[in-house]
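Reviewing the structure listed below.
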Amino acid sequence: MKKTLFTFIFILLCFIVNAQKSDSTHTHYAFYRGFSTHETELKSKRGILNGEYIIYNGRKNIGAIGNYKNDERVGRWVFYSQKDSIDQIYNYTTKILVFNRPDKRIRFHIDSLKDGDRVVYPAKIMGYLGLFLLTRNYTPPFEIQKKVGEFNLYFIFTLDKDGKLIKYETKVASLNFNKVEAVNLKKLKPEDFDFSPARVNGKNVASVMIFESTLGVNLNH
0 MKKTLFTFIF ILLCFIVNAQ KSDSTHTHYA FYRGFSTHET ELKSKRGILN
50 GEYIIYNGRK NIGAIGNYKN DERVGRWVFY SQKDSIDQIY NYTTKILVFN
100 RPDKRIRFHI DSLKDGDRVV YPAKIMGYLG LFLLTRNYTP PFEIQKKVGE
150 FNLYFIFTLD KDGKLIKYET KVASLNFNKV EAVNLKKLKP EDFDFSPARV
200 NGKNVASVMI FESTLGVNLN H
């Protein structure tokens with residue numbers, strides 16, 4: 000009898016909690032910087048995110064999943080580079096990078112490193128998705144539109160000791176061409192500035208993170 004009563008009370012409590020949740024929030028599909036999303040929003044304050052949030056990378060593939068509280072990201076967020084492949088786990092509450100998949104296209108520069116130093120390299124928060132959003136509006140220099148071939152393309156992010164982006168440059172290079180251009184930081188979104196900082200021997204330090212790519216030019220297209 001006690002077991003039956005306990006089961007009934009437990010089911011009743013679950014029903015009440017779920018009812019309260021559905022009464023205070025509602026979910027809907029929306030868009031986030033060109034990606035489709037499934038959002039949980041407060042009913043009492045439209046536009047204020049509160050609850051589970053999913054960014055879709057493609058029709059059904061999840062690109063990111065986490066939670067909002069009063070319109071701020073909280074707790075662990077998981078970012079995916081492709082279906083079922085975790086790219087990064089970041090805790091927005093503790094500001095701790097839990098996991099970040101290495102990428103051979105990314106290299107780093109930290110001043111005054113010595114043999115034996117314990118180094119934690121910087122990372123773009125949101126992983127590859129964050130890098131994509133930060134670099135997708137790149138426009139090649141006008142000069143190379145009349146050239147044919149493949150060029151090395153570098154996105155250069157200068158970060159302060161707290162992991163904030165303070166300078167953003169692009170560089171296009173080949174055997175007979177080299178051009179560096181500054182990116183206007185005023186055109187970026189607030190989250191574009193957020194990186195996990197570099198650390199040396201347990202202390203945050205300034206750093207440079209370089210994302211390498213290639214740029215092909217064909218005058219027939």
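Numbering that gives the first Met the number 0 puts the first residue of the sequence shown at 0, with every later residue one more than the last.
Even for Gly, the Cβ is constructed at its ideal location relative to N, Cα and C.
In this text the structure is predicted, and so the values were computed from the model without any measurement.
Separation of residue j from residue i, as counted between CA atoms
i: M208; j: K163; result: 12 Å
i: H25; j: F192; result: 30 Å
i: L4; j: H37; result: Because L4 sits at a pLDDT of 41, beneath the cut-off of 50, its placement in the model cannot be relied upon, and the following sentence gives the value as read from the coordinates. For L4 and H37, the distance between alpha carbons rounds to 37 Å.
i: V118; j: T39; result: 38 Å
i: R57; j: L132; result: It should be pointed out that residue 57 corresponds to Gly in this sequence rather than to Arg. Their Cα atoms are separated by approximately 15 Å.
i: L195; j: I124; result: Going by the sequence as given, residue 195 is Ser instead of Leu. Approximately 6 Å, taken between the alpha carbons.
i: R75; j: D116; result: 29 Å
i: N60; j: D83; result: 8 Å
i: N200; j: V171; result: 34 Å
i: H108; j: A181; result: 18 Å
i: G148; j: V179; result: 18 Å
i: F210; j: K186; result: 19 Å
i: A29; j: T134; result: 23 Å
i: L184; j: E190; result: 12 Å
i: E71; j: I64; result: 14 Å
i: A197; j: L112; result: 12 Å
i: Q144; j: L174; result: 16 Å
i: R45; j: N66; result: 17 Å
i: E51; j: Y89; result: 15 Å
Where residue i falls: helix, strand or coil (DSSP)
i: L133; result: helix
i: Y31; result: strand
i: K59; result: coil
i: L258; result: This structure leaves residue 258 out entirely; the chain is present only between 0 and 220.
i: D191; result: helix
i: F9; result: Low confidence applies here, because F9 scores a pLDDT of 39, under 50, leaving its location unreliable; read the following figure in that light. Correct three-state label for F9: helix.
i: I143; result: helix
i: G126; result: helix
i: F23; result: Reading the sequence as shown, one finds Ser at residue 23 and not Phe. Note: S23 maps to helix in three-state DSSP.
i: Y67; result: strand
i: N200; result: coil
i: L112; result: coil
i: K94; result: coil
i: K44; result: coil
i: T138; result: coil
i: L174; result: coil
Any non-hydrogen atom of the ligand HEM within 8 Å of residue i CB
i: G115; result: The ligand HEM is not part of this structure, which contains no ligands at all.
Cβ neighbours of residue i in the same chain (closer than 6 Å, five flanking residues each side left out)
i: T157; result: I165, K166, V207
i: K20; result: Confidence at K20 is low in this model, with a pLDDT of 47, below 50, so the placement of that residue is unreliable and no value is reported for it.
i: Q87; result: F78, N99, G126
Sequence-distant residues of the same chain with beta carbon closer than 8 Å to residue i, five excluded per side
i: Y267; result: Nothing about residue 267 can be reported from this structure: the residues present for the chain run from 0 to 220 only.
i: G62; result: F34, I54, Y55, N56, F78, Y79, L128
Same chain, Cβ closer than 7 Å to residue i, neighbours up to 5 away in sequence not counted
i: L41; result: S23, T24, I47, N49
i: N17; result: Any reading at N17 needs caution, since the residue's pLDDT is 44, under 50, leaving its predicted position unreliable; the model's value is listed next. Cβ within range, chain order: n/a, list empty.
i: T92; result: V73, G74
Under 9 Å between C-beta atoms of residue i and residue j
i: V216; j: K146; result: yes
i: N203; j: K160; result: yes
i: S212; j: F154; result: yes
i: F150; j: L214; result: yes
i: T169; j: L152; result: yes
Those residues which DSSP pairs with residue i across a bridge
i: I85; result: Y79
i: R104; result: For R104, which the question treats as bridged, DSSP gives no partner whatsoever.
i: K163; result: D193
i: S206; result: L158
i: N49; result: BP columns for N49 are empty, so no partner.
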